[in-house]
Amino acid sequence: MTFQGNGPLDTSGVSGGGGGGRGRMALGGGAGLVVAIVAILFGVNPGDILGGDGGTSGSNAGAPNSAIQSQIDSCTIAKANTDTVCRIVATTNSLDKVWPTLMPDYTKPKTVIFADAIDTGGCGSATSSVGPFYCPGDQTAYFDPTFFTTLADQLGGSDAPLAQEYVVAHEFGHHVQNLMGTMDKAQKLGSRGATSGSVRLELQADCYAGVWAEHADKGPDAMLEPLTQQQIGDVITTAKAIGDDTLSGKNDSEGWTHGSAAQRTRWFTTGYRSGDPASCDTFSTNRL
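What follows is the structure, encoded as structure tokens:
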């Protein structure tokens with residue numbers, strides 16, 4: 001278990017979508033996935049880089065998905081401990097409780113939980129092959145729950161609850177960056193390389209996820225039970241699995257976009273130990 005308490009979850013900012021088919025973009029978890037995510041964060045339709053329409057096919061790619069929506073509407077705190085869709089919803093609830101206490105001007109993003117493929121409101125089309133992503137154009141975080149199976153079975157990450165919640169918190173970290181104007185700063189520093197804007201952006205989002213984890217089990221309104229070192233270890237397992245060097249199998253940093261396994265681990269840990277977003281300034285350090 002991770003979440004504590006009983007009762008329904010706030011699903012007002014969460015909707016279900018997609019289901020148009022996986023289409024032409026079969027990227028897996030390697031370089032293609034990274035390219036697509038970077039394209040989205042830097043305001044480009046993935047299809048413009050990868051060719052075609054970004055992977056969607058069929059007329060229902062951007063349509064509401066009634067099955068997912070029904071699942072979302074039935075979510076409770078108890079279900080969040082056993083059901084992946086409800087775990088995503090519960091994590092968004094927790095994030096929307098924590099971030100206003102750290103950032104007075106925080107506004108909630110929208111969340112879309114989709115199947116197979118999705119047409120976004122501001123970043124073009126994408127399939128579940130892209131993995132979870134945040135679209136600054138429509139201030140929405142997008143998740144296909146099947147990614148967590150891919151993460152554990154193909155990429156070597158953990159399928160433990162907090163590891164999945166870390167992924168959601170990372171995408172909300174991008175929303176915080178969008179609100180603060182950090183994405184504009186990242187664009188000026190480029191999208192590839194060990195000290196690129198993209199790497200700094202991603203490592204900061206990891207750090208923000210750690211900040212959330214530090215606060216999410218504290219106080220009378222805390223939604224998470226007290227976290228254990230084992231649960232933090234599950235997050236570290238996932239952070240290592242999605243490092244650029246782990247995904248590519250190479251130590252060459254020229255094409256990095258997200259940072260190495262060691263860097264992702266270090267910055268999540270930095271945020272978790274400090275609980276302070278100010279500790280996450282990856283743009284003013286040479287030690288990433």
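Each residue of the sequence shown is one higher than the last, beginning at 1 in the UniProt record's numbering.
For every residue, glycine included, the Cβ atom is placed at its ideal position computed from N, Cα and C.
Only a predicted model underlies this, so the values are computations on that prediction, with no experimental measurement involved.
Note on residue 164: 16 or more other CB atoms within 10 angstroms of its CB, so buried under the neighbour-count rule. Note that the stretch 257-270 touches the stretch 203-218; at least 3 beta-carbon pairs, one per stretch, sit closer than 8 Å. The bridge partners DSSP lists for residue 134 are 141. Under a 10 Å Cβ-count criterion, residue 70 is classified as exposed, with fewer than 16 other Cβ atoms of the shown protein chains found around its own Cβ. Boundaries of the alpha helix (DSSP H) harbouring residue 67: 66-73, taken from the DSSP string. Contact annotation: residue 226 and residue 217 have beta-carbon atoms nearer than 8 Å. Taken in chain order, the unbroken stretches of alpha helix (DSSP H) that lie wholly in the stretch 154-210 and span 4 residues or more are 161-180, 182-187.
The DSSP-derived three-state label of residue 232 is helix. With a cut-off of 8 Å on Cβ pairs, the stretch 244-254 is not in contact with the stretch 160-174, counting fewer than three such pairs.
Contact between the stretch 91-108 and the stretch 171-184 is established, with three or more Cβ pairs separated by less than 8 Å. Of all C-beta pairs linking the stretch 98-106 to the stretch 117-135, fewer than three are shorter than 8 Å, placing the two stretches out of contact.
Here DSSP, grouped into helix, strand and coil, assigns residue 126 to strand. DSSP places residue 248 in the uninterrupted alpha helix (DSSP H) bounded by 244-248. Taken through DSSP and simplified to helix, strand or coil, residue 7 comes out as coil. Distance from residue 113 to residue 68 at the Cβ level is roughly 6 Å; contact confirmed, criterion being Cβ atoms closer than 8 Å. When 212, 153, 224, 3 are compared, the shortest CA-CA separation from residue 238 is found for 153. For the pair residue 84 and residue 145, the Cα-to-Cα distance works out to about 6 Å. The beta-bridge partner set that DSSP reports for residue 224 consists of 3. By the C-beta density criterion, residue 230 is exposed, having fewer than 16 other C-beta atoms within 10 angstroms.
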